[in-house]
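Student:
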Amino acid sequence: MSAAPTAEGYLDVVARIARAAQAAGRDPADVTLVAVSKTQPWDAIEPVLAAGQRVFGENRVQEAMARWDGKADGLTLHLIGPLQSNKSREAVAFFDVIESLDREKLARSLADEVQKQGRAPRLYVQVNTGEEPQKAGILPMDADAFIAAARATYGLTIEGLMCIPPADEPPGPHFALLRKIAARNGLAKLSMGMSGDFETAIRFGATSVRVGSAVFGARS
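Take the position in the sequence shown, starting the count at 1, then add 1117; the result is the number in my numbering.
1. Please report the Cβ distance between leucine 1304 and isoleucine 1275, rounded to the nearest whole angstrom; I am assuming they are in contact, meaning their Cβ atoms lie under 8 angstroms.
2. Using a Cβ-Cβ cutoff of less than 8 angstroms, which residues in the same chain neighbour methionine 1118 once the five nearest sequence positions on both sides are dropped?
3. What whole-angstrom Cβ distance do arginine 1206 and glutamate 1230 have, given they're in contact under 8 angstroms?
4. With a CB to CB cut of under 6 angstroms and the five nearest residues on each side skipped, what residues in its chain are close to glycine 1310?
5. Are the beta-carbon atoms of leucine 1196 and valine 1244 separated by less than 9 angstroms?
6. Compute the beta-carbon to beta-carbon distance between lysine 1155 and glutamate 1180, rounded to the nearest angstrom, for a pair I have assumed lies under 8 angstroms.
7. Which partner residues does phenylalanine 1173 have in the DSSP bridge list?
8. Measuring straight from C-alpha to C-alpha, what distance separates serine 1226 and alanine 1237?
9. How long is the line joining the alpha carbons of glycine 1142 and glycine 1254, rounded to whole angstroms?
10. Using three-state DSSP, classify glutamine 1157 as helix, strand or coil.
11. Given 8 angstroms as the limit, is there contact between the region 1123-1132 and the region 1165-1172, that is, 3 or more CB pairs closer than that?
12. Out of Gly1313, Ala1224, Ala1269, Val1153, state which residue places its alpha-carbon closest to the alpha-carbon of valine 1172.
13. Across which residues does DSSP place leucine 1307 in a beta bridge pair?
14. Measure how close the beta-carbons of glycine 1289 and phenylalanine 1315 come, nearest whole angstrom, since I'm counting them as under 8 angstroms.
15. Taking the C-alpha atoms as reference points, what is the distance between methionine 1182 and tyrosine 1241?
16. Can you tell me whether DSSP reads methionine 1118 as helix, strand or coil?
17. For glutamate 1286, which three-state DSSP category applies?
18. Give the single residue among Ile1215, Ala1189, Leu1307, Asp1190 whose Cα lies nearest to the Cα of glycine 1198.
19. Throw me the rounded Cβ distance for the leucine 1218 and alanine 1208 pair, which I believe falls under 8 angstroms.
20. Would glycine 1061 be called buried (16 or more neighbouring beta carbons within 10 Å of its own) or exposed?
21. Taking the alpha carbon of aspartate 1160 as the point to measure from, which residue in Ala1137, Asp1144, Ala1146, Arg1184 has its own alpha carbon closest?
In structure tokens form, the structure reads like this:
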């Protein structure tokens, strides 16, 4: 019989974030841990909640709504997975942050829902820094024009950028590229870094890191 889930992994990640921030001459309070709760059973999430974590990341709208319905008070929920335009209504109503804005059709439908609902989640543009055909995200060379259109054409407020570097490449250059795109577009927030590379991401200026398996243990 396996041991009951604990918050041990979570506390370890919090300590590692603090050390990485200090090593980079940054205030640990400037780096937000987004605990990636997607596909996790509630008994794995509960000890992490009890230990004080208040920011969680989810991949799918329906799955997140089922998991957090009635339990989201005082929490900040991030949508970090690809968003289909036809799920914009639910996503705008449910999430506090949407990190996967990556095409004009989605910008238009999010803008429509923000108008209708009078509720505006914070928005991040996802950049496909590795230009991987199988991956969501706007291409780096199109990012400036897309951010400008999201602001001017659709009236959206963009808070930051998000990326997922290719699994088989050093992440540093991808984080540096994202930081450069953010700087020239006046964006202060960078969502980058996951379980395997969040310390590197913090060194490159990440303001939030999306960590799942290191917090909760490997998914069974």
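Idealized CB from N, CA, C, for every residue including glycine.
Tutor: Working from what's here:
1. 6 angstroms
2. Any reading at methionine 1118 needs caution, since the residue's pLDDT is 47, under 50, leaving its predicted position unreliable; the model's value is listed next. Cβ within range, chain order: n/a, list empty.
3. 5 angstroms
4. Ala1318, Ala1323, Val1326
5. no
6. 7 angstroms
7. Ala1152, Leu1194
8. 12 angstroms
9. 30 angstroms
10. coil
11. yes
12. Val1153
13. Leu1278
14. Incorrect: roughly 13 angstroms between the Cβ atoms, too far for contact.
15. 20 angstroms
16. Because the pLDDT of methionine 1118 is 47, which lies under 50, any placement of that residue in the model is unreliable, and the number read from its coordinates should be weighed accordingly. Here methionine 1118 sits in coil by DSSP.
17. coil
18. Ile1215
19. So it is not a contact: roughly 10 angstroms between Cβ atoms.
20. Any property of residue 1061 remains undetermined from this structure, which presents the chain solely from 1118 to 1337.
21. Arg1184
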